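Below is one structure, written out as structure tokens, with a few remarks after it.
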Amino acid sequence: MRRRSAALLLVSFCLGLLSARAGEVPVAVAANFAAPVKPIAEAFERATGHRAVIAVGSTGRFYAQVRNGAPFQVLLSADQETPERLEREGFAVAGTRFTYAVGRLVLWSATPGRVDAQGEVLRRGDFERLAIADPRLAPYGAAAVQAMQRLGAWKAMQPKLVQGESIAQAHQFVATGNAPLGFVALSQVALPGGGLKGSGWIVPASLHDPLRQDAVLLHPGRGNPAAAAFLDFLRSEPARAIVRAHGYQF
């Protein structure tokens with residue numbers, strides 16, 4: 002009986018230590034990364050005991066919120082420029098930036114067969130609306146504008162544009178049929194094992210600036226072991242395997 006009581010006390014003590022060490026980290030996540038960040042956060046909690054509290058939105062909106070005192074401790078941006086700017090302006094911790102993913106842009110329709118493998122549907126222009134993320138707020142929206150400009154289709158497409166605040170909203174416009182076509186992130190429409198939902202054209206990377214996405218520790222996260230642990234876990238092979246499975250590169 003005494004041995005059993007001692008064992009129970011030891012288990013309780015160890016659980017208490019784990020609870021004491023475990024913490025939370027508020028993470029601002031670019032909308033294009035909404036799908037992979039959920040399993041990453043779950044794996045992070047299993048591995049460390051820490052909990053990532055995820056907020057998803059546009060990178061431009063997060064930039065404004067951080068500058069206005071939002072208590073996010075980590076930013077997973079849709080670009081490199083925003084974390085670099087926050088670091089330069091004193092809102093992020095110098096030396097903590099790194100690229101956690103490189104994204105791909107897709108011209109997509111929820112309807113199978115609507116978008117051909119060469120993207121000729123964009124040149125034909127036989128559709129009424131084209132959804133993109135706001136290029137002022139969302140790097141994927143800016144990449145879509147670049148691609149249309151380099152294809153010589155920008156002027157013809159402008160009257161057809163339907164803009165969402167984030168890439169998530171642009172995807173929603175197409176998924177619900179409010180726009181027959183749209184530029185979205187590959188991660189939003191990739192199927193496990195390859196292929197795409199509906200139909201799509203993966204835009205050649207040469208048509209837009211690289212969609213390198215950087216993570217950074219924000220100043221409210223200084224001294225929080227959970228924030229440092231999350232960034233470390235994001236660089237681990239288990240996290241990278243999840244990132245690759247959702248159509249991203251490094």
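Taking the working numbering, I'd label the letters of the sequence shown as residues 2 to 251.
Backbone N, C-alpha and C fix where the C-beta goes; we use that ideal spot for every residue, glycine too.
Keep in mind it's a predicted model, so treat the numbers as computed, not measured.
*Drop a sphere of 10 angstroms on the beta-carbon of GLN189, count the other beta-carbons inside from all chains shown, and report buried for 16 or more, exposed for fewer.*
buried
*Which listed residue (VAL57, ALA31, TYR101) has its alpha carbon closest to that of ARG213*: TYR101
_Pop quiz: VAL185 and ILE168 are said to be a contact at Cβ under 8 angstroms. What is the actual Cβ separation, rounded to whole angstroms?_
6 angstroms
*For TRP202, which residues does DSSP report across the bridge?*
LEU108
_Reference GLY194, options TRP202, SER200, HIS247, closest by Cα_ = HIS247
*Taking ALA56 as part of the alpha helix (DSSP H), name the residues at either end of that continuous run.*
Where ALA56 is concerned, there is no enclosing alpha helix (DSSP H), although the beta strand (DSSP E) it sits in stretches over 52 to 58.
*How close, in whole Å, do the beta carbons of ALA256 and ASN33 come, if the pair is a contact with beta carbons under 8 angstroms?*
Beyond the ends of the chain as shown, which are 2 and 251, falls residue 256; an answer cannot be given.
*What whole-angstrom Cβ distance do ILE133 and LEU108 have, given they're in contact under 8 angstroms?*
Going by Cβ atoms, the distance from ILE133 to LEU108 rounds to 10 angstroms, so no, they are not a contact pair.
*asked:* Assuming contact is defined by CB atoms lying nearer than 8 angstroms, are VAL75 and ALA206 in contact in what I supplied?
replied: no
*Using the DSSP secondary-structure output, state which residues sit across from GLN164 in a beta bridge.*
ILE133
*Grab the span of the beta strand (DSSP E) containing ASP80 for me, first residue to last.*
Where ASP80 is concerned, there is no enclosing beta strand (DSSP E), given that its DSSP letter is neither H nor E.
*Burial state of ALA228, where buried means 16 or more other Cβ atoms lie within 10 Å*: buried
*Please go through the same chain and pick out, in chain order, the residues whose beta-carbon is closer than 6 angstroms to the beta-carbon of ALA57, but skip the five residues on each side of it.*
Here residue 57 turns out to be Val, not Ala, going by the sequence shown. For VAL57, where only same-chain residues beyond five positions count, the Cβ hits under 6 angstroms are VAL30, ALA32, ALA35.
*Take GLY61 and list the residues in its own chain whose beta-carbon comes closer than 7 angstroms to its own, dropping the five residues that flank it on each side.*
ARG137, LEU138, ALA139
*Output the boundary residues of the beta strand (DSSP E) element that contains GLU25.*
25 to 31
*Mind checking who GLY183 pairs with in its DSSP beta bridge?*
TRP109, ALA132
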